[in-house]
Structure formats: structure tokens, C-alpha cells
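All letters in the sequence shown, in the order written, are residues 0 to 925 by numbering that gives the first Met the number 0.
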Amino acid sequence: MLMSISVLAQQTRIQGSVKDVTSFQPIPEVTVTIEATSQNTKTNTLGEFEFSSNVPLGEHILQISKMGYITAKYPITVDEFQTVNITDMILELDTMASQDLFTISLTEDELDNDESGFGNVSGLLHASLDVFQRTAAFEFSSSFFRVRGLDSDNSTMLINGIEMNKIYNGRPQWSNWGGLNDVMRNQELAPGLKPSSYQFGGILGTSNVNVRASQMSYGGRITYSSSNRSYANRFMATYSSGLLQGGWAYAVSLGRRWGDEGYQEATLYDANSVFVSAEKVINDAHSLNFTGIYTPNRRGKSSPNTQEVYDLKGIKYNEYWGWQDGNKRNSRIKEVDEPILMLNHYWAINSNLSWNTNVGYQFGKTGNSRLAYGGVTQVLTSEGQETFEGGGRNPSPAYYQKMPSYFEHNFPDDLEFAYGAQQFFLNDGQIHWQPMYDANMANAAQGKNANYMLYEDRVDDKQFTLNTIFNGKVNDHILYDASISYKAFESENFAEVLDLLGGSGFLNVDSFDGVQFDLKNPNTIAKVGDRYGYNYNMFANVLSGFAQAQFKYNKADFYASASVTNTQYQREGLFQSETFADNSLGKGDKLSFTGFGAKAGFTYKISGKHVFDFNLGYITKAPSISNSYTNSRSNHNIVPNISEEKISSFDASYIFRSSYVKAKLTGFYTMLKNANEISFFFADGIGNVIADSGTQQSGRDETEFIQEILQGINKNHLGGEFGVEAQVTPTIKLKGAGSIGQYTYANNPDLYLSSDRFENVYLGKSYLKNYKLAVGSQQAYSVGFEYRDPDYWWFGATANFFKNTYVDVSPLTRTKNFYTDVDGQPFIDYDDDLARALLKQERFDDYMVVNLVGGKSWKVNQYYIGFFASVNNLLDEVYKTGGFEQGRNANYRQLRDDQALDKPVFGAKYWYGRGANYFLNLYVRF
Numbered sequence: 000m001l002m003s004i005s006v007l008a009q010q011t012r013i014q015g016s017v018k019d020v021t022s023f024q025p026i027p028e029v030t031v032t033i034e035a036t037s038q039n040t041k042t043n044t045l046g047e048f049e050f051s052s053n054v055p056l057g058e059h060i061l062q063i064s065k066m067g068y069i070t071a072k073y074p075i076t077v078d079e080f081q082t083v084n085i086t087d088m089i090l091e092l093d094t095m096a097s098q099d100l101f102t103i104s105l106t107e108d109e110l111d112n113d114e115s116g117f118g119n120v121s122g123l124l125h126a127s128l129d130v131f132q133r134t135a136a137f138e139f140s141s142s143f144f145r146v147r148g149l150d151s152d153n154s155t156m157l158i159n160g161i162e163m164n165k166i167y168n169g170r171p172q173w174s175n176w177g178g179l180n181d182v183m184r185n186q187e188l189a190p191g192l193k194p195s196s197y198q199f200g201g202i203l204g205t206s207n208v209n210v211r212a213s214q215m216s217y218g219g220r221i222t223y224s225s226s227n228r229s230y231a232n233r234f235m236a237t238y239s240s241g242l243l244q245g246g247w248a249y250a251v252s253l254g255r256r257w258g259d260e261g262y263q264e265a266t267l268y269d270a271n272s273v274f275v276s277a278e279k280v281i282n283d284a285h286s287l288n289f290t291g292i293y294t295p296n297r298r299g300k301s302s303p304n305t306q307e308v309y310d311l312k313g314i315k316y317n318e319y320w321g322w323q324d325g326n327k328r329n330s331r332i333k334e335v336d337e338p339i340l341m342l343n344h345y346w347a348i349n350s351n352l353s354w355n356t357n358v359g360y361q362f363g364k365t366g367n368s369r370l371a372y373g374g375v376t377q378v379l380t381s382e383g384q385e386t387f388e389g390g391g392r393n394p395s396p397a398y399y400q401k402m403p404s405y406f407e408h409n410f411p412d413d414l415e416f417a418y419g420a421q422q423f424f425l426n427d428g429q430i431h432w433q434p435m436y437d438a439n440m441a442n443a444a445q446g447k448n449a450n451y452m453l454y455e456d457r458v459d460d461k462q463f464t465l466n467t468i469f470n471g472k473v474n475d476h477i478l479y480d481a482s483i484s485y486k487a488f489e490s491e492n493f494a495e496v497l498d499l500l501g502g503s504g505f506l507n508v509d510s511f512d513g514v515q516f517d518l519k520n521p522n523t524i525a526k527v528g529d530r531y532g533y534n535y536n537m538f539a540n541v542l543s544g545f546a547q548a549q550f551k552y553n554k555a556d557f558y559a560s561a562s563v564t565n566t567q568y569q570r571e572g573l574f575q576s577e578t579f580a581d582n583s584l585g586k587g588d589k590l591s592f593t594g595f596g597a598k599a600g601f602t603y604k605i606s607g608k609h610v611f612d613f614n615l616g617y618i619t620k621a622p623s624i625s626n627s628y629t630n631s632r633s634n635h636n637i638v639p640n641i642s643e644e645k646i647s648s649f650d651a652s653y654i655f656r657s658s659y660v661k662a663k664l665t666g667f668y669t670m671l672k673n674a675n676e677i678s679f680f681f682a683d684g685i686g687n688v689i690a691d692s693g694t695q696q697s698g699r700d701e702t703e704f705i706q707e708i709l710q711g712i713n714k715n716h717l718g719g720e721f722g723v724e725a726q727v728t729p730t731i732k733l734k735g736a737g738s739i740g741q742y743t744y745a746n747n748p749d750l751y752l753s754s755d756r757f758e759n760v761y762l763g764k765s766y767l768k769n770y771k772l773a774v775g776s777q778q779a780y781s782v783g784f785e786y787r788d789p790d791y792w793w794f795g796a797t798a799n800f801f802k803n804t805y806v807d808v809s810p811l812t813r814t815k816n817f818y819t820d821v822d823g824q825p826f827i828d829y830d831d832d833l834a835r836a837l838l839k840q841e842r843f844d845d846y847m848v849v850n851l852v853g854g855k856s857w858k859v860n861q862y863y864i865g866f867f868a869s870v871n872n873l874l875d876e877v878y879k880t881g882g883f884e885q886g887r888n889a890n891y892r893q894l895r896d897d898q899a900l901d902k903p904v905f906g907a908k909y910w911y912g913r914g915a916n917y918f919l920n921l922y923v924r925f
């Protein structure tokens with residue numbers, strides 16, 4: 000048994016160096032730990048390290064580890080007043096870790112999809128940590144599992160100390176550095192509330208990716224990958240010079256990912272990646288590093304669908320595409336083109352204090368295309384009045400009026416119509432591009448505007464970031480960190496005409512209401528490249544600071560951190576909406592929020608094997624821009640009673656570590672208060688709301704396109720996590736992990752409705768308390784094994800079980816509107832029992848996903864050659880990963896009549912997981 004020795008040497012030292020087994024080049028940023036103690040350090044740019052104070056005497060184990068390498072251990076004996084010099088310790092590339100990193104590249108593509116509804120990639124922050132966190136990242140992510148049921152805006156992602164979370168929604172946009180796995184390996188991770196040296200962070204943790212050229216391992220790598228998941232092919236080449244004579248270092252990486260179609264139909268993928276980092280080590284104290292990242296990417300989206308659609312067309316069906324000239328053309332393409340530039344200055348003031356100053360600038364565009372079909376032409380009546388004529392039919396092949404259920408509902412006595420719709424959808428069921436061209440060209444020949452066009456919702460962002468970070472230590476036991484950060488953000492938001500589909504122009508009016516999108520320039524005919532529909536700027540300024548102290552001793556560690564942040568938003572309208580003529584043009588009021596954060600933690604080490612860890616935190620933060628304005632495309636209106644969100648979080652863990660077994664058991668509780676959510680949809684059955692607003696045009700006026708504003712939301716996240724791995728033989732490792740959670744609404748928040756006709760009509764409470772949050776599976780378990788052969792081949796398998804996945808409920812149907820008739824009185828035929836059944840939250844079926852992975856590597860002279868392959872969902876399990884209730888049926892009668900059908904017209908829409916799929920990777924490392 001290895002034990003810490005209490006007698007400490009006065010002038011004893013441990014020093015050494017770490018090198019790559021293949022290139023024999025120094026490896027920087029390797030963590031060197033004296034096992035069974037709290038002492039650890041990292042290697043410098045020359046791969047060197049040193050322990051110089053409080054060194055324990057006797058026999059010990061030095062553990063050396065770094066992401067992407069196999070952890071190594073070296074026994075040492077420490078004698079009083081002696082120096083232990085253990086040079087040229089070696090680390091070997093971990094081919095399984097490489098597999099993990101490439102898996103991340105595919106996971107990132109899945110989780111960054113807008114249509115998935117799940118933006119949580121928090122598991123990626125913890126890719127190199129304990130078995131549960133690795134399992135969450137690599138086994139659970141394909142089911143859109145969320146760690147602790149939390150969204151990724153509760154984690155913080157940094158590159159070279161510069162925060163990458165988007166101000167608009169608070170989430171990292173992973174595609175901004177997609178395809179650069181080789182240069183994103185050096186991560187400094189602080190999971191959960193644990194302290195980070197760079198920033199206060201969120202309750203899911205902080206990850207800083209170090210892309211300094213001098214701290215990247217010397218050498219190169221060429222990779223080719225093939226898959227049927229998001230893309231079909233991938234090529235990547237990376238080279239790092241290491242630290243050269245003269246103090247220079249550089250690293251470059253080039254990549255391409257492409258494919259005509261992923262697992263879903265017509266989901267094209269076209270992405271390039273360029274990375275350049277150059278560093279000048281000026282002297283022992285100063286270093287300057289420049290980094291440029293450019294990853295333009297385009298991909299075709301896939302649609303969520305009702306069960307009726309899936310039953311007819313299968314889980315690969317995608318309503319967004321149609322044939323054109325023999326090719327599949329997707330109408331909904333997401334394009335991201337946002338270069339990142341950063342300059343970092345590192346100053347080692349002395350051995351106890353460092354000062355890091357960073358400047359970052361990110362700019363570019365994000366676009367999401369879609370079809371418009373409401374094009375009209377301005378005409379004058381015989382009385383000389385202005386009116387509009389034209390307009391097209393909804394081109395979506397899965398539009399509700401084209402589905403069999405619609406005809407079954409409207410023609411129950413003649414099912415021939417429903418049968419005809421079913422056969423048409425089965426035999427076709429895709430967008431018809433040519434008829435839209437024909438209609439537009441016919442209009443153009445008559446001097447009329449286009450009925451159809453393809454446009455893009457554009458967001459052109461510019462963000463400047465400046466921060467400075469201090470890291471120091473009073474002695475070996477007391478460390479401190481502090482930072483100040485400023486971010487200036489400007490965002491242009493507009494719709495741009497991409498393709499007139501054979502037409503001559505598209506009139507810039509709302510054809511449904513006949514109102515001008517821009518009163519300053521009425522009846523403008525938009526051409527390709529022109530702005531259409533909406534046009535506004537959004538500004539934000541964020542000033543923040545944080546301070547932290549850490550205390551480390553043999554038996555106990557503890558820390559305390561505090562932060563303060565001021566956030567300001569302001570909207571500037573560039574179009575004057577006719578509907579909001581007095582509240583859309585020019586600059587609106589500034590919104591200002593002040594957030595505070597405090598957290599502390601305590602770690603008690605009973606021995607080298609048994610550790611207890613406790614963390615708690617309280618954070619107030621500004622709502623994101625996306626949850627602050629009720630409809631920023633049209634007006635300056637803000638969410639009623641808006642204020643800072645409040646988060647309280649606590650976790651406690653027991654950790655066991657021995658030579659053969661590593662285990663961790665964690666319990667956690669998080670309360671989120673005063674959150675806001677805004678949704679946009681067409682609602683049918685809100686006649687009493689329209690009547691109360693004074694805008695009702697007739698007794699049957701019950702439908703409207705609305706903004707649903709849910710304000711003052713409280714959420715509970717309660718649960719536990721566990722992970723265990725056992726090295727049962729030198730070649731076989733068993734592993735298991737699981738998460739058991741209960742994630743629910745904790746109150747009945749306020750609900751407001753807004754539209755072009757009325758603003759912020761209060762419907763009272765939405766009775767959501769105790770409904771489950773739609774955050775993926777609330778229970779997930781994994782068991783598996785890994786076999787690593789001495790001849791450098793390996794194989795692994797896991798079985799993953801998922802339970803308690805729920806549909807996202809509609810808040811509107813849980814308000815008084817549900818049981819209120821158009822006259823404001825309760826429905827006379829309202830049945831309480833039936834209503835409870837209608838409003839019962841859907842729970843998806845439990846399911847199991849089996850994954851296999853294996854690989855082999857060879858050393859040929861100075862080269863490493865290797866491959867690995869993985870098969871996910873080996874048994875081709877069909878399962879739902881998420882979904883949402885459509886808000887269309889907003890009252891009891893509407894929902895009752897629709898749910899009475901075999902296939903509801905407005906049933907919930909779902910996402911399904913992928914069937915059996917593969918990933919193959921080949922590489923050469925030198």
C-alpha cells in the first residue's frame with residue numbers, strides 16, 4: 000500500500016522531463032502528480048518539471064498524464080537532502096483517446112443542429128476526466144443526453160483564455176472550431192463548480208483550450224475518416240514545429256469534411272477548417288502568440304416530424320428537400336462563416352506570479368435558409384384603392400392540409416380523400432421545385448412579382464474581447480487568481496433574398512395582413528441580395544471581473560470564488576414596421592443587468608484512496624438576448640418583469656482510487672429561478688384572448704401567429720451520477736456509469752401572449768409545476784469493457800440504457816385559455832377527467848443502444864500508422880430522442896377533437912436517433 004509520509008525534507012527536490020515515445024521531443028503541459036498526495040505540477044515548454052518544497056520522503060509513485068496520451072507511472076525513492084532526477088520519462092499516444100476526439104467531432108455536428116432542440120454539449124468539456132463524464136460525452140450524446148439535465152449555456156468554453164460562448168444565447172457554437180481536433184487537445188478542465196484559473200465559469204464547468212504554438216507536441220498527423228452519420232468523408236493534416244531555436248514556434252492544421260447526404264435524407268455537409276498559431280518566446284518572462292481559426296461550413300437540415308409522417312416514410316425522412324435537375328436540393332441550409340483572431344501576451348513576472356492579456360475578434364455570418372410562399376403584387380381596385388393579389392401554397396410536402404389525417408378529420412364519411420393523400424405522400428412526399436419556378440416565371444411574363452422565393456435569415460456578428468488574467472501563489476499552499484474582461488458585441492439581423500426561383504422580384508410586405516415591413520420604403524420589390532422582412536441591429540456590452548483563492552494541503556483542499564458582471568443590450572431598428580410604427584425604428588431603451596456569483600468547495604482526503612468533495616454556488620446572471628425581447632424582428636418590446644436569472648447549485652462526491660479500481664459517486668441539486676422562454680407558433684383556439692385584446696374581427700376569429708412568453712420559470716434538477724472502472728487484468732478494463740435524475744418545473748410561471756395585433760396579453764399562470772423537463776433521458780446507464788492488447792490492437796463494447804425521456808409540453812394549453820370559450824366562460828362540455836388525460840405528459844419508450852469500437856496501430860520507423868472503427872447502435876434500435884407538443888390546438892375542444900383521430904393532425908413532433916451507423920478513421924503520425 001502506498002502511503003504519504005509525514006516527515007518532509009527541507010531541501011529535497013524532484014525534477015525531470017517528459018518526452019514523446021516516437022519523436023523523443025519534449026511534451027509541454029503534462030500533469031505530473033505525486034500519488035497519494037495533493038502535489039502536482041505541469042511541464043514547461045521544454046517538457047521539464049520540478050517539485051522543490053514540501054516533498055514527502057520515502058517511496059512514491061510519479062504519475063504523468065496528458066489528454067491524448069496513455070497515463071504512465073514511475074516509482075521513485077526520495078531521500079532527505081537529495082535530488083531525484085528522473086529525466087526522459089516517456090508518454091505514448093493513446094489511440095483510444097484519439098478515437099474519443101474524433102467521436103467528439105461527429106457529436107458536435109449532431110448537437111449543434113438547430114432542429115434537434117438540444118444544444119447541450121457539456122459532456123465535451125469533460126472528455127478526459129472520470130468515467131462518467133467520458134461516458135456522457137461518447138456514449139450518451141447521440142441520445143441528446145444532458146449532464147444533470149442542464150443546457151450548455153451553464154458551461155463556459157474558452158480558447159487561450161478568451162470566452163467563446165455566444166452572447167445571443169449563451170451557448171458555445173462548436174462549429175466555429177469544428178474539424179480541428181488535433182490542435183484542440185490541450186484542454187484545462189474544471190468540471191462543475193470546481194475552480195478555474197481563468198474565469199468564474201458556470202455550474203456545468205469551465206474548459207480552456209490551450210492553442211499556444213510552443214505548447215503543442217512536435218510532429219505531424221494526416222487523417223482520413225469515413226462515416227454515414229453527419230458527413231461521408233473527412234481529411235485532416237496537422238503539423239506542429241515545437242519550440243525552435245530563436246524562440247519561434249508554429250502550428251498549422253487544415254481539414255475538410257464533406258458528403259452529399261448524412262444519415263437523414265438530403266443532409267449535405269460541406270465544411271473546411273484552417274488553423275494557424277505562431278508564437279514568439281521573447282525571453283524567459285515574455286511570450287506573444289497569434290492564433291487564427293477559420294472553419295466555414297454548410298449543412299442541410301433535417302425536419303422533426305409527427306408520428307403519422309414517420310409511420311409512412313420512416314425515420315430517415317426529411318421534408319425539407321425535393322428533386323431538381325436530378326439532384327436533391329435542400330431548402331434549409333445552415334451556413335456558418337465566422338473567423339476568429341486572437342493575440343495573447345504571457346508574462347511570467349516571477350516564479351509566483353503570471354499575467355496573461357488577451358485580445359480576440361470574431362466576425363462573420365450565420366445564415367439559415369428557407370422558402371417563402373406569400374409573394375404578392377400590388378394592384379389598384381376600380382375604386383383606386385391599393386390591394387395585393389397573388390400568394391402561393393405552402394410548399395412543404397408534410398404540411399398538415401396534405402396529410403391523410405387532415406382529410407380523415409374533415410371528410411370522415413369519405414375516406415377516399417385520406418387514402419389518396421396517403422398514396423401521394425408515400426409515392427412522393429418531397430418539395431416540388433419546378434412548379435414554383437413555373438408559377439414565378441408565369442407571373443414575370445405578366446409583369447407580376449414572384450409568389451415563391453428562397454431567403455436566408457442572416458446574423459452578421461462582430462465581437463471584440465479584451466481580458467487580463469492574473470495567476471499567483473503566496474506559497475505552495477495558497478494560490479490566487481483574478482481576471483477582468485470586456486466584450487463589445489454588434490449584430491446585424493435581417494432576411495436576405497437568395498433565389499427568386501425564376502421570378503422578377505418579391506414585394507416587401509406581409510401578405511397575410513397586407514402591411515408594410517418598412518414604412519420608410521413602402522412596396523419595395525426585393526431582388527437577390529436585398530434585405531427583406533426585417534432588418535435590425537443588436538448591441539451588447541459585457542464587463543466582468545472575478546477573484547478566487549485556493550488552499551491546498553495534504554489532507555484538505557478548499558477554495559472560494561466571487562464574480563460580478565454588468566450586461567447591457569440595446570436594439571436598433573432599421574425597418575419601420577407598419578404594425579409597430581412607433582416602436583420599431585431607431586434605437587430602443589437600453590437593458591441593463593448586474594449579476595453576481597459566489598462559490599466555494601472543500602475536498603477532504605481521508606487517504607490516497609478515499610476522498611470526499613463538496614461544492615456549492617449561487618449565481619445571478621443576465622438573461623440572454625434571445626430571451627429578453629419578445630419579438631426583436633418587429634419591435635423594441637421586452638419581456639414583462641424581466642430581471643436576472645438566479646441559480647443555486649450543490650454537489651457532493653465520494654471518490655475511490657486504487658491501483659485497479661477508480662470510482663466516483665455524486666449527488667447534486669440545482670435550482671434555476673426567474674428564467675424566461677419565448678416561443679413562436681400559430682395557435683388555433685385563442686378566441687377569448689383576441690376578444691380581451693379588443694382586436695377580434697368576428698365571433699370565429701380564434702387564430703393568430705403568436706409569441707408565447709413564459710416568464711418567471713423555476714426548475715429543479717435533482718439527481719445522482721456514478722462511474723466506476725476496474726483494471727481486472729493488465730489488458731481488460733471493465734467500466735460502468737449512470738445518471739439518475741429528476742428534472743421538473745418547480746412552479747407555475749406567468750404566461751403572456753403577443754402578436755402583430757396585441758401586445759403582452761396576460762393569461763395568468765401556466766400550470767407546469769411537477770411536469771418533467773424535456774432534457775433528454777432523465778435516467779441513463781452504461782456498462783462495457785475495453786481490451787488493450789500488448790501488440791497495439793484494442794477493442795471495446797458498451798451497452799447503454801435510456802429511461803424517462805419526455806416530450807416538451809405546450810405551456811399555453813396549461814393556462815386558463817384551455818378551458819375558456821370565446822365568450823370568456825368555461826366550455827359547457829368540459830370534462831375534467833378527459834382534460835387530465837389530454838394534458839398528461841408523454842413519456843417515450845425505454846431503449847438500449849449497443850456500441851462497438853476497435854483499432855490497431857503500428858510503428859514503422861519514425862511513423863505511427865493506425866486505424867480505428869466504431870459501430871453505433873449495432874442492433875439498429877428505433878428510438879425517440881426528443882420531441883415537442885405543437886401549440887396549434889390551444890383549447891380543450893381543439894385538442895379533444897384532434898386527439899380523437901387515429902393520427903392527430905397536430906400531433907407532437909419528434910426526433911429519432913440514428914439507426915446502425917459507422918465511423919472509420921485512418922491516420923499516420925510522425
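Beta carbons: idealized from backbone N, C-alpha and C, even for Gly.
- Shown here, Asn-522 sits in coil according to DSSP, grouped into three states, outside any helix or strand.
- CA-to-CA, the gap between Asn-466 and Asn-357 works out to about 5 Å.
- Counting the other CB atoms within 10 Å of its CB gives Pro-810 a total of 16 or more, which places it among the buried residues.
- If you draw a 10 Å sphere on the C-beta of Phe-48, you find 16 or more other C-beta atoms in it, and that means buried.
- According to the DSSP assignment, Ser-404 belongs to the alpha helix (DSSP H) that extends over 403-409.
- The alpha helix (DSSP H) runs of length 4 or more contained entirely in the segment 875-924 are, from start to end of the chain, 891-898.
- A distance below 7 Å separates the beta carbons of Tyr-531 and Asn-507.
- According to the DSSP assignment, Ser-692 belongs to the alpha helix (DSSP H) that extends over 686-692.
- Shortest Cα-Cα distance from Lys-364 to any of Phe-274, Val-308, Asp-456 involves Asp-456.
- Among the bridge pairs identified by DSSP, Tyr-863 is matched with Lys-858, Arg-924.
- Here Leu-762 is buried, its C-beta having at least 16 other C-beta atoms within 10 Å.
- Contact between Gln-549 and Leu-478 holds, with the beta-carbon distance rounding to 4 Å and staying under 8 Å.
- Using a Cβ distance threshold of 7 Å, Gln-462 and Gln-361 count as a contacting pair.
- Rounded to the nearest whole angstrom, the CA to CA distance from Asn-153 to Phe-655 is 28 Å.
- Non-local C-beta neighbours of Ala-449 in its own chain, meaning closer than 7 Å and more than five positions away in sequence, comprise Gly-374, Asn-439, Asn-442, Leu-499, Leu-500, Gly-502, Ser-503, Gly-504, Phe-505, ordered along the chain.
- In the three-state reduction of the DSSP assignment, Leu-311 falls in the helix class, which pools H, G and I.
- Taking the Cα positions, Tyr-293 is about 12 Å away from Val-251.
- Listed in chain order, the non-local C-beta contacts of Ser-648 below 6 Å within the same chain comprise Ile-202, Gly-616, Thr-669, local neighbours out to five positions each way being set aside.
- Counting only the Cα atoms, Leu-188 lies some 28 Å from Phe-592.
- Closest in alpha carbon position to Phe-423, among Pro-396, Gly-906, Ala-539, Tyr-262, is Pro-396.
- Of the candidates Thr-702, Thr-728, Thr-42, the residue whose Cα lies closest to the Cα of Pro-25 is Thr-42.
- Beta-carbon to beta-carbon, Phe-538 and Gln-575 are separated by about 19 Å, too far to satisfy the 8 Å threshold.
- DSSP lists Leu-717 as the bridge partner or partners of Gln-741.
- Taking C-alpha positions only, Ile-33 is separated from Thr-629 by approximately 55 Å.
- In this structure, the beta-carbon distance from Asn-916 to Asn-180 does not fall below 7 Å.
- A contact between stretches requires three or more CB pairs, one per stretch, nearer than 8 Å, and the segment 321-334 meets this requirement with the segment 298-309.
- Between Ser-869 and Leu-851, the beta carbon gap of about 7 Å places them in contact (Cβ cut-off 8 Å).
- DSSP places Met-440 outside any beta strand (DSSP E); the residue lies instead in the alpha helix (DSSP H), whose first and last residues are 432-444.
- Between Gln-198 and Thr-237, the C-beta spacing is not below 7 Å.
- Sorting Glu-28, Ser-633, Lys-839, Asn-816 by C-alpha distance to the C-alpha of Gly-572 places Ser-633 at the top.
- In the DSSP annotation of this structure, the continuous segment of the alpha helix (DSSP H) that includes Ala-834 starts and ends at 831-837.
- Of all alpha-carbon atoms in Phe-416, Asn-393, Pro-394, the one lying nearest the alpha-carbon of Ser-404 is that of Phe-416.
- Taking C-beta separations shorter than 7 Å and ignoring five residues to either side along the sequence, the partners of Gln-710 in its chain run Val-638, Pro-639, Asn-640, Asn-675, Pro-748, Asp-749, Tyr-751, following chain order.
- Excluding the 5 residues flanking it on each side, Phe-511 has same chain C-beta neighbours closer than 7 Å at Gly-373, in chain order.
- Note that the segment 733-744 does not touch the segment 902-922; fewer than 3 beta-carbon pairs, one per stretch, sit closer than 8 Å.
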